[in-house]
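*Asks:* Position one of the sequence shown corresponds to residue 3 (the numbering used here), numbered consecutively onward.
Virtual Cβ for every residue (Gly too), placed ideally from N, Cα, C.
First the structure, which I've put down as structure tokens, then a few questions once you've had a look.
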Amino acid sequence: MNHRILVFYGSYRSDRMGIRLAHFVVEGFRARGDDVGFIDAKTVGLPIIDRMYKEYPKGTAPEALETLAGQIRNADGFVFITGEYNWGVQPGLKNLTDHFLEEWFWRPAAIASYSAGRFSGARAATAWHGTLSEMGMVVVSSTIAAGPIAHTLSAEGKPVGDGGKALEHAFPRFADDFGWWVEAAKAQRAKRPPPY
Ligand SMILES: Cc1cc2nc3c(=O)[nH]c(=O)nc-3n(C[C@H](O)[C@H](O)[C@H](O)COP(=O)(O)O)c2cc1C
3 MNHRILVFYG SYRSDRMGIR LAHFVVEGFR ARGDDVGFID AKTVGLPIID
53 RMYKEYPKGT APEALETLAG QIRNADGFVF ITGEYNWGVQ PGLKNLTDHF
103 LEEWFWRPAA IASYSAGRFS GARAATAWHG TLSEMGMVVV SSTIAAGPIA
153 HTLSAEGKPV GDGGKALEHA FPRFADDFGW WVEAAKAQRA KRPPPY
């Protein structure tokens, strides 16, 4: 089934590593036939939040916000590539997501975490779970985790070594779980419009 999936990544670092996992995830969903959009918060380049998208009178939001709002509303589900800074979330991605609220509602989200170490960003993934729930997404229980990312994925996002094998092995179940919820939410939205 062809789902419209948006993949988000938010490191602003010059030597960022999480882009490897972003490539892996984008390619993985495309190979399954999904229509995948990639949102790189650094490229979008939003300033630190002042007004949320909805706080702008209709038609007056900056172009980047207007475009993103349309992309988010149009998606069937979201995948968040989450790195870990000091046991917490990366500010660039959090800043981007905070600009929106209702635009996220009634769709599932999945978390793919990573870090330089063996914990693979698990603490940031835990933090994101609550944040995404608060923003009206249903977070699926399956996750994938890459760590140490440098020994798991090549610069092109191809699996390497034992870590890469484990990630490749975990991906289909993760994608199946997420895809099932994407379909379920889509069917329910078609059957009955969301209550608010
Ligand atoms: C400010 C900062 C804080 C970090 N804190 C953690 C941490 O708490 N746990 C962890 O496993 N790795 C930590 N790391 C290492 C990151 O996992 C690693 O640098 C990773 O590649 C960061 O993602 P990015 O390269 O996509 O920016 C930290 C790195 C930075 C730059």
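(1) Relative to the alpha-carbon of alanine 77, which residue among Thr84, Pro110, Ser115 has its alpha-carbon at the smallest distance?
(2) Are valine 38 and alanine 114 closer than 8 Å when you measure CB to CB?
(3) From what residue to what residue does the alpha helix (DSSP H) around leucine 67 run?
(4) How big is the Cα-Cα spacing for serine 144 and proline 49?
(5) Under 5 Å, CB to any heavy atom of ligand 1. Which residues pass, going along the chain?
(6) Is there contact here, the stretch 89 to 100 with the stretch 6 to 25, by at least three beta-carbon pairs under 8 Å?
(7) Under 7 Å from any heavy atom of ligand 3, does the C-beta of glycine 79 make it?
(8) Restricting to runs no shorter than 4 residues, where is the alpha helix (DSSP H) found entirely within the stretch 121 to 179?
(9) Looking at the unbroken alpha helix (DSSP H) that takes in threonine 201, where does it start and where does it end?
(10) Grouping DSSP H, G and I as helix and E and B as strand, with all else coil, what is threonine 62?
(11) Using three-state DSSP, classify alanine 118 as helix, strand or coil.
(12) What is the rounded straight-line gap between the Cα of aspartate 164 and the Cα of arginine 53?
(13) Would the beta-carbon of proline 161 fall within 8 Å of that of alanine 118?
(14) Which residue marks the beginning of the beta strand (DSSP E) containing phenylalanine 26, and which one marks its end?
(15) Once DSSP output is grouped into helix, strand and coil, what is the label at arginine 194?
(16) What span of residues does the beta strand (DSSP E) with leucine 103 cover, start to end?
(17) If I measure Cβ to Cβ from glycine 90 and keep anything under 7 Å in the same chain, skipping five residues before and after, which residues do I get?
(18) Does the contact criterion of 3 or more C-beta pairs under 8 Å hold for the stretch 132 to 142 versus the stretch 164 to 175?
*Replies:* Concretely, from the data shown:
(1) Pro110
(2) Pairing valine 38 with alanine 114 gives a Cβ-Cβ distance that is not under 8 Å.
(3) 65 to 76
(4) 32 Å
(5) With the cut-off at 5 Å, the residues found are Ser13, Arg15, Arg18, Met19, Gly20, Gly85, Glu86, Tyr87, Asn88, Trp89, Ser117, Ala118, Gly119.
(6) Yes, the stretch 89 to 100 touches the stretch 6 to 25.
(7) With respect to ligand 3, the structure offers nothing, as its ligand set consists of ligand 1.
(8) Secondary structure within the stretch 121 to 179: the alpha helix (DSSP H) runs of 4 or more consecutive residues, fully enclosed, are 124 to 136 (chain order).
(9) Given a span of 3 to 198 for the chain in the structure shown, any question on residue 201 remains unanswerable.
(10) coil
(11) coil
(12) 45 Å
(13) no
(14) Here phenylalanine 26 belongs to no beta strand (DSSP E); instead the alpha helix (DSSP H) covers 21 to 33.
(15) coil
(16) Here leucine 103 belongs to no beta strand (DSSP E), and DSSP marks it neither H nor E.
(17) Ala126, Ala129
(18) no
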